[in-house]
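Chains as they are written, first to last, in this note's numbering: chain A, 5 to 607; chain B, 146 to 1410.
We put the CB at the ideal spot given by N, CA and C, even for glycine.
Remember, it's a predicted structure, so these values are computed and weren't measured experimentally.
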Amino acid sequence: MYKVKVGMATCGLSAGAKATYEKLAELTSGDGAPAELGITGCLGMCYREPLVEVHDPDNQEHVLYGGVTPEVAQRIFDEHLKKDALVEDALILRWRDGKAYSGPEASFLNPQVRIVLRNCGVIDPEQIEEYIERGGYKALRKVLKKADPAWVIEEMKASGLRGRGGAGFPTGVKWSLAAGYKSDVKYVVCNADEGDPGAFMDRSVLEGDPHAVLEGMLICGYAIGAQKGYIYCRAEYPLAVKRLRIAIEQARESGYLGENIRGSKFSFDIRVKEGAGAFVCGEETALFASIEGERGLPRLRPPFPAEKGLWGKPTNNNNVETYANVPWIINSGAAAYRKYGTEKSPGTKVFALAGKVKRGGLAEVPMGLPIKNLVFDVGGGIIGDREFKAVQMGGPSGGCIPKELAHTPVDFENIPATGAIMGSGGMVVMDENTCMVDVAHFFLDFTQKESCGKCTFCRIGTLRMLEILERICDGKGRPEDKDKLHQLSIQIKEASLCGLGQTAPNPVLTTLRYFEHEYDAHIMEHYCPSRVCAQLVLYAINERCTGCEACMKGCPVGAISGEKKQMHVLDQGQCIKCGYCVTVCPVDAVSKIAQPQTVAVPA
Amino acid sequence: MSDIATVELTINGQTVQARPGQTIYDAVTELGLDSIPTLCHQPSLPAYGSCFVCVVEVEGRANLLPSCATKVAPGMVINTRSERVLASRKTALELLMSNHYADCLAPCVLGCPAHVDVQGYIALAARGQYGEAADLIRRTNPLPAVCGRVCVRKCEGVCRRALIDDPVAINDLKRYITDSPKAYESWPERAESTGKRIGIVGAGPAGLTAAYFLGLRGHECTIYEMMPEPGGMLRYGIPSYRLPREVLEQEINYIKTRAGVTILSNLKLGRDFKLSDLRAEYDAVFLAMGAMGSNSMSVPKEEETPGVLKGLDFLIEMAQDPRPMQGTVVVVGGGNTAMDAARTARRLGAEKVIVVYRRTRAEMPADPLEITATRAEGIDLIELGAPQELITNAQGRLIAIKCIRMKLGEPDSSGRRRPIPVEGSEFVQNCDWCISAIGQSPILDGIENDKDDMPAISRWNTLVADGLSCATKVPGVFAGGDVQSGPSVAIDCIAAGQHAARSISAYLMATGNGELDLGDLATMAHFNQHTAPRCNYVQPIVMRKDFLGEVSLNDLGPCQKYSRQEMPELEVEERVDTFDEVALGLDWKEARLEWSRCLSCGCAVADDCQLRELCSEYGVDLAKYAGKVQRYQPDDSHPYIIIDNNKCILCNRCIRTCEQVLGESALSLVKRGFNAQVLPAMGKPLSETPCVACGNCEAACPTGALTVKFPFPGRAVVPHKVVESTCAFCSLACRIKVKTAGEGRYWIEPPDTPGSHLCRFGRFGAELYLTTERVTTPLKREGGHFTPTTFENAYADIVADMRHAVARYGPEAVAVFVSPELTNEQMYLAQRIAREALGTNNVACLSTLLTEGKPGPLTPAFGFTASTADRSVLEQADVIVINNSDLKIEQLILAMDVIKAIKRGAKVIAAAGVHGDLIELGTLNLEPLRGSTTIMWQGVAHELLKLGMDKERIKQLPGGAEFISEASAVDMDHVLSETGVELEQLRYCAELIGAGRHVVFIHSPDRTEDKAPGDTVVLGNLMAMLHTSGRRTDLLLARAGCNTAGIETCGAAVEYLPGRQPVPAELAKVTPDRDVLISRIVNGEIKAALVFGEDPLRNNKVRQYLVNVKFLAAMADTMSETAMAADIVLPAATYLEEPGTRVNFEGKIVEFSSVLEPPSGRPGWQVLAGLAGAFGLLGIPYSVDQVREKLRQAVREGYGQYTHFYWNTGEPRRWQGPHAFQRIELRSEAHAIANYLTLIQRYKQDASVIGIKHFRLAAEDARVQ
């Protein structure tokens, strides 16, 4: 009998997986149905959702279908499940023994090494049995049996695992610090407040494999001598919160959480705390304040969390992906882990590919893979095969790496050297139609709004930078603006309390560094080379116009005139550059024009 | 000390030792290496790290580090002043200022060329302080009365009130102030003579102003005036109906006498002396000759035609020798001189006066008010007309003038539209006189333009000098006023004189190394002698709202329209034929309405703003980061505190202070990022939060975001004195800083010592005396009312009546009652009057006599009855018991200590009387029924014994065995029913106390609310038990009055002479103990009484006791109920007016300064000494120090080993443990008499019962009257 699984993570659900699932449920409900239906998390191919996997336990073959609407589901049922015939046009991948051997998306999976994502898209996250079946909680049992917390820490140190939240601090060292402070109460905190725009690795792990995170926290708790764990998860991840709660409940029932776990003297429990949507609460001291019920303001460090963290007690805080690595490392050993990645950055890293890349989704690759491999091999290249321009890494705290540096290996040494950061793994791919000033503006707008308001530089300085960027994008830039931006960027970085302020100027600094000519074009020539900044672009109707009147009827200011079936005319004086005409034109007859102008720059 | 480890590090290149754990900020400050600026850091609070102004550079660290939060580490290399650090600080300040929508100074102050502190003098005037107001004006303008009449009111032109209705009539208020006789009483301080001499040419406003300020700085000034009298244009250009001569005389006289200025008349530059003569004679020369030459009309034959006059010459002549005029007068011109000439001509009898002006009325440069007055006086105006030709008769005398019509063309360089002649529009106007008044220019005779050592002359015929410093290119020669600027107005010339004085003084006092003696008006940073002498000022930064955005009505908050009061004037028919002053001046009612219209735009802490200070120091560019600005409406709903978020820099000091004071927050931070703001908790008005109105948040604010409301009208920074003294609102005796600006304008702030806090009463309580009518002189009851009398007569009456009472009823029927708030010195004198003058032993404080039981309830057990330790023991206590004390209301500062202890982990038991969140923060709240605490504690003792106390050792002490048997035998059911407390709670209480290692009891023995008979004794037994069982335990007796603890020490008690020495036998025979006195009082046997400071009649019960009193004399600060019933009332001084000492609850002697002058002129101790003298007592001390010395002797002799528990002058004290247990009577009884028998206690009670809002409203009503 086939086993059929529908990808029911947020990406699947938003692509319509619910209807697909219901269709399949209806079809497989009766007696004698040819298949057993289940759900699973995200496999990473968010660009092909909804995904349905058909697994034949007899020959161990997995067949993955993409874009499965209820109609396609009907066909899969009729042909594959009933007649053993593949639905070729929906088939995207076939694999056996974890190795894809055919299908158009094989090149997406094959460069990957799935440690963190080992169970994502494979097991049903709401069934602890499936986790255990795939080796879950084995690492915890091993640790409890060994009864040697020091060994755990040594193993973690030996693995070289570095914090996947972005800073890359060696996890084993962090644990040993927390273990070193004597206290009757200690805490393990999991930072699941994934707030970077374009990043969704942690969400997928929580939705697809919550027990891996719990097990990682349990092992940490054992190693440092903590009794209580908190998962600080953003409330915008309701499905993740739900699955975490289910997982915690099942783990308790199965004796993996609670008093005297599996007969040991080790007691540990975990609570989920939902954040209220403040980006700064991803900063660990603000996160602690938030868990404590205080306003989420960063606190001074030192003291560091290992000494005085949550409620003033020694605390270890790692992010979701870090904890998800732990059971694998304990099971397979540090040496096995070190086989992947580089000397200083061992292991793998999950990336969330977004932006102008063909395959937007999640991919876990060994550290040290060059950027271009990620973009072109895994990501499948740029949409529309346009020119690749840059990647933005590390979210709003990160920076833009230009195509000239596309050979840079992604790891904790090489990425920071470019001015960007590893960050938690968001990677936004940009093409030639991306304006880098606009990109800097976008990210700064985000951080500026998310500043908690405590420190002078972050609270007011980022707004002043944003105002400068706004005026540059509006063609009102002043010659001194670049210097002013640069000076403010440096000073904000140097004199802010927490990571938010210390990194907020990064997108501006890296774009200034690699794309200074775009700033110059905006400021000195009133020209947006990428034709993005509305105030620096003219809209014009070209000869492709068929006179369909669509643009004319919808123009909010009546700037377009013309007779039916005659070429229309756009009055530049009236145009407010809203872009409506571009979107409605059926024949692509509205073009955006931008040319360098020699203008008197206001003093 | 070598045994303490230190951290060696390098700061600014210096190797230094710091203490481990110290922050960089503390180390640098302590070692005096630099003064690191900070805005968010407050030493008494944990580091916060938000302003990032205190950053420093640490080698090896990529980021700059906040020094307030970074701890020193061995080998650290720190730079506190690198360029990077300074640039970062400057940017931080610039960013803060870019969102600081605030006015440091009011627009009127900035709008005035001389920057007269308008807001300040209006505020002073509103309090009736006209003398101070005039002096404040004279700090920048020595001609206040002149300006009050002739000023062109640039201040009013920018007045914000115009957004609501009309500008405040600022100038009319100024005149109102100077019309007061007080305005000329002062003698400002004049610096010691510098020996420098300055020659000034011209006694006009510029010359006089410069001379005044230079004179006050100790320089000797001589003014050379060409006219017979000083005043310049003020005397000769402005007719007396606008500026009466006697007003001018008064001003000049003030300048001459106060600044020692010599004025030599009839001496003209170029005629009688030359500039080079002056340069040879004086150290510096100031040229201020004005612009006394009249411009010509450029009409043929205008110089030689009879009947054609020049405006200024005409005014000068008429000022000296007014002669009648007849016929028609045409005045040409549109300035003030033209108006003055026209109005003068009218007054001299001209039948018809016509002003001809080439533009329209709207373009006229004259003061609009004067144009209106001119028109009102029937003077015609021909607009758009210009003279072309003079028409003469056969004799060549003027008979008419030919004019041409003009039209207005394009604006010219002055911004006004240029008049263009309309061809063919000529017309003829008959006239007998033509007065040309089309402008003046300086007369520069005596200055040889071609010489190098002479000031340059411009093409406008003015002297070339720097506009700000008045320096010419010739060292030591300065020029200012009209001679430099061309014709202007008085206030511009006054400003010029002010600037000149500043720079001349700086020039004269420059030392050899280029350092300058900085004047008091502004800082002069640099005086470059190499190029043309020129001064640059570093002015304090002034942020102004209109710099960041357009000020709108919205910014002002809700305001009521209230039109401006018009200046009353002489009726036209009355004024046109005299030179009497036209403007009559506002009356008090009108003036009051005007000053209440002032919006107090300038910041109330402009001189005390840390942000402004740093911005000035770092020379910030206010425009550098201009952008979006947050604009808020100030919230003034709280009775004492105004929140203006526009000025907030989010340092959180207020919130953190509140948290520290209250244990929770009345204020909180809401929203995020750029929108973050400080708001009262839960968005409620501050008065509805847990706010206890202590004002400590305001004291913590580094800017003006939080300010206090003053109990007097007007919010302004005015010159004031700062004096430290002590608060008398409770027995804690906190240090206070009193700021006084004369005549009832004073307010109180916590001292600058870090961690100094005050409670509501300490901070705002003194308002009581501003809003309550004071007794200012002795009063004698005659018939049904009081008449003022002299001290001598009042004394004589008291002496006669009291002696009569003693003779008639015997000494046992007379009594002297003292307030627990008197100073030791007053109490000492009062008991001497009782014992030595009246021969009675009936002396007591009624407040404690009728509420406390036996004196010294703990003395048999401890050897003394006083606090066993300082309040600092709360820092060590692990269990704190609060009995019969409402600390949050009555002793907030002690409550803060308790909250700190709770945060440290101490357990707090709220036993009785505790209210508010101390209950929630504490571990246990018992709440026994009123009057049952003694029984409750005996129940606790019962439970404690069960938990295992050291019974053997207890038994060894006297009374120990009885104590154990009685406590063990307590019927717990009885305890529970009497107290209403659950058994579990009593047991838990016993467990908590039993587990304590150091138990501190806070107990208020004279608070009647939750008092029980014998409660102090039962606590003493409990302490003895704990002490004997190996715990440390201490007692803090929180007394009700500020000197309750001093009553017995000073001998103001039946049982004791000063120093608790025994009472002589014959006196003891009169009244052996307090029970006898109490029974006499209660039985109405007192027939005559002297009541010093208390208000016993306020209490109905006590009033009944005293119905048989035939003669009553009271010393009172306000008309208390006792004073109202008295035959003689003596004025008392408040704690801010009375010098002396009091004993605080810890037994410490605390010093009070007399910060203010008592309204009667006599502090209380003098009143009592005078009375003692009138009784014929010998050896009456003649100074407060002498009284104290006598007391000190008595105390030393009387107390022996326990002295420092009662009269502590800083000695350490240690309670050695109990000597005995005492029997207690297990009785519960709620007290009948409230002990609040003084004005202060009544205020405290009223304020806590009614609530701050209501109480404050009463004060505001008083303000409006």
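Cβ shell of residue i (< 6 Å), same chain only, five flanking positions each side left out
i	result
I943 (chain B)	A1258, I1273
V152 (chain B)	A163, P165, V217, P219
L666 (chain B)	The pLDDT assigned to L666 (chain B) is 29, lower than 50, so where the model puts this residue is not dependable, and the model offers no usable value.
K27 (chain A)	P74, A77
A290 (chain B)	T323, V392, E396
C304 (chain B)	C253, P312, V313
L493 (chain A)	Note on residue identity: the sequence assigns Ser, not Leu, to residue 493 (chain A). Within the same chain, S493 (chain A) has close Cβ partners P509, V512, L513.
G664 (chain B)	Note that G664 (chain B) has pLDDT 37, beneath the 50 cutoff, so the model's placement of it is unreliable and the number below is only indicative. Same-chain partners within the cutoff: R647, S650.
Other residues of its chain near residue i: CB distance less than 8 Å, five sequence neighbours each side excluded
i	result
A1319 (chain B)	E937, Y940, A941, I943, V944
L148 (chain A)	Y226, I265, R266, S268, F270
V567 (chain B)	I549, R550, M551, K552
Residue i and residue j closer than 9 Å at C-beta
i	j	result
V920 (chain B)	A1277 (chain B)	yes
I617 (chain A)	A227 (chain A)	Chain A is shown from 5 up to 607; residue 617 (chain A) falls before or after that span and cannot be answered.
A355 (chain B)	G621 (chain B)	no
K232 (chain A)	P318 (chain A)	no
G1191 (chain B)	D1023 (chain B)	no
R1016 (chain B)	L269 (chain B)	no
V500 (chain B)	T519 (chain B)	yes
L851 (chain B)	M242 (chain B)	no
C559 (chain A)	C585 (chain A)	yes
L795 (chain B)	R234 (chain B)	no
For residue i, the first and last residue of its enclosing alpha helix (DSSP H)
i	result
S33 (chain A)	Here S33 (chain A) belongs to no alpha helix (DSSP H), and DSSP marks it neither H nor E.
Q264 (chain B)	263-271
Of the listed residues the options, nearest to residue i (C-alpha basis)
i	options	result
V276 (chain A)	A:T32, A:E347, A:I295	A:I295
E484 (chain A)	A:V443, A:V117, A:I527	A:I527
I181 (chain B)	B:Y170, B:V453, B:D1391	B:Y170
G164 (chain A)	A:G281, A:V91, A:S349	A:S349
N820 (chain B)	A:E454, A:M397, A:I250	A:E454
I838 (chain B)	B:P1005, B:L1102, B:A259, B:H783	It is worth fixing the name first, because residue 838 (chain B) is Ala in this sequence and not Ile. Nearest option by C-alpha distance: B:H783.
Span of the beta strand (DSSP E) around residue i
i	result
W578 (chain B)	578-581
F623 (chain B)	622-624
Q.
Give the list of continuous beta strand (DSSP E) stretches no shorter than 3 residues that lie fully inside the region 972-1016 of chain B.
A. Runs found: none.
Q.
Please give the ranges of any alpha helix (DSSP H) in the region 1080-1144 of chain B, keeping only runs that are unbroken, at least 4 residues long and fully inside the region.
A. Restricted to the region 1080-1144 of chain B, the alpha helix (DSSP H) segments that are unbroken, complete and at least 4 residues in length are 1096-1101, 1105-1113, 1117-1124, 1128-1140, listed in chain order.
Q: Please specify which runs of the beta strand (DSSP E), each continuous and at least 3 residues long, are wholly inside the region 819-862 of chain B, giving them in chain order.
A: The region 819-862 of chain B contains these whole beta strand (DSSP E) runs: 822-825, 851-853.
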